[in-house]
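Residue numbers (my numbering): 483 to 650. C-beta atoms are modelled at their ideal positions from N, C-alpha and C, and glycine is treated no differently.
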């Protein structure tokens, strides 16, 4: 009976799927990239990256943040800033920043993907073409136009992109 309880627990946490007479692991792509697996991995590196980015964000800025869990440790810093606009497709980031009274969080809509707790698709792409941000943060896999790494490959650390001032 203990084995069945253990399998029920793992299935309840979406770590495997129970089928008649067997347990089946999710595909490698889901295991490596789903938010529930990435959220608590490499926390020391994520914290260090967020500390390095934090001093680039000023009150009154507009920051574009994608759904990388690398950015989650940055939330407490952002919550302290005045008149900040954080534009994101990440439901997780929007939820974390939602309680901050001085932070406005426009959430980019689109097709919701539960494994990644974010919105994707043409609606998000169209909205992004209309946004002018002071700072864009993304994972390295995003900067190489790969939404999530293929099976067997790890996501790369986040990058920070500052908008260049117009030429005069």
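Residues of its chain near residue i, where Cβ-Cβ distance is below 6 angstroms and the 5 sequence neighbours each way are ignored
{"i": "residue 602", "result": "592, 593 and 595"}
{"i": "residue 541", "result": "563, 564 and 565"}
{"i": "residue 697", "result": "As displayed, the chain neither begins before 483 nor continues past 650, which places residue 697 out of reach and without an answer."}
Within 8 angstroms, strictly: CB atoms of residue i and residue j
{"i": "residue 520", "j": "residue 551", "result": "yes"}
{"i": "residue 620", "j": "residue 548", "result": "yes"}
{"i": "residue 613", "j": "residue 568", "result": "no"}
Cβ-Cβ separation, residue j to residue i (assumed contact under 8 angstroms), whole Å
{"i": "residue 505", "j": "residue 489", "result": "5 angstroms"}
{"i": "residue 590", "j": "residue 615", "result": "Actually they are not in contact, since the Cβ atoms of residue 590 and residue 615 sit about 12 angstroms apart, beyond 8 angstroms."}
{"i": "residue 617", "j": "residue 545", "result": "5 angstroms"}
{"i": "residue 435", "j": "residue 574", "result": "The first residue shown for the chain is 483 and the last is 650, placing residue 435 beyond what the model contains."}
Neighbourhood of residue i by C-beta, 8 angstroms cutoff - its chain only, sequence neighbours within 5 removed
{"i": "residue 571", "result": "548, 549, 589, 590, 592, 600, 601, 602 and 606"}
Using 8 angstroms as the cut-off, can you tell me whether the region 528-542 makes contact with the region 554-562, which would need three or more C-beta pairs spanning the two stretches below that distance?
yes
For the pair the region 484-500 and the region 564-583, tell me if three or more CB-CB distances fall below 8 angstroms.
no
Residue ranges of each alpha helix (DSSP H) run of no fewer than 4 residues wholly in the region 503-574, ordered along the chain?
Counting only runs that start and end inside the region 503-574, the alpha helix (DSSP H) elements of at least 4 residues fall at 510-515, 517-520, 525-536 and 557-561.
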